[in-house]
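Chemist: Residue numbers (this note's numbering): 4 to 117.
For glycine and all other residues, C-beta sits at the position ideal for the given N, C-alpha and C.
I'd like to ask you about the structure that follows.
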Amino acid sequence: MRNLVWLFGYLVLMALLVVVFVEARRRTIAALDNPQARAQWQAWRKEAQRQSQGAGPVRRRPPKGDEPPALVMMRDHFVAALGSALAIASCLYLFLVIVARGAIRSAPPSRPID
């Protein structure tokens, strides 16, 4: 019975993670995949390029992509990002289950020291 509770908790956590990632993807694409956002990105790229030529104390590397990195990640690499998040969350959940089960399990009574 206890194992089913842990399994249910795991399934709820994984489902919640998928829902959050899908919603974040939808919002990111809606916000960044339009002509206005692309124009803002291009303007920022040009400004970063101009700043990289300056003689300031830090040399800035201009971005190379024609699109914002968040858009590229959520559109082109979504499956890899979601898979990585699920794998990391699974490892963390397994670790916490092992720790929690060890803490909950009662220790056998010890013999009194004479």
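First and last residue of the alpha helix (DSSP H) that includes ASP79?
Modeler: Residue 79 sits at position 76 when you count from the first residue of the sequence shown. 72-79 is the span of the alpha helix (DSSP H), which, as asked, contains ASP79.
Chemist: Just to confirm, are ALA73 and LEU20 a CB contact at a threshold of 8 angstroms?
Modeler: Along the sequence shown, one-based indexing puts residue 73 at 70. Along the sequence shown, one-based indexing puts residue 20 at 17. In this structure, LEU20 does not lie closer than 8 angstroms to ALA73 by Cβ.
Chemist: Taking contact to mean at least 3 C-beta pairs separated by less than 8 angstroms, is the stretch 76-85 in contact with the stretch 97-110?
Modeler: Result no; under three Cβ-Cβ pairs closer than 8 angstroms.
Chemist: State the start and end residues of the unbroken alpha helix (DSSP H) segment that holds GLY12.
Modeler: As a working note, residue 12 is residue 9 in the sequence shown. Unbroken alpha helix (DSSP H) run through GLY12: 5-35.
Chemist: Just checking my contact of GLN52 with PRO65 at CB under 8 angstroms: how many whole Å lie between their CB atoms?
Modeler: One-based indexing of the sequence shown puts residue 52 at position 49. One-based indexing of the sequence shown puts residue 65 at position 62. Indeed they touch by this definition, with Cβ atoms about 4 angstroms apart.
Chemist: In this structure, does DSSP put GLY105 in helix, strand or coil?
Modeler: On the sequence shown, residue 105 is found 102 positions in, with the first residue counted as 1. Here GLY105 sits in helix by DSSP.
Chemist: Indicate whether MET4 and ALA92 have their beta-carbon atoms separated by less than 8 angstroms.
Modeler: On the sequence shown, position 1 is the one that residue 4 refers to. On the sequence shown, position 89 is the one that residue 92 refers to. In this structure, ALA92 does not lie closer than 8 angstroms to MET4 by Cβ.
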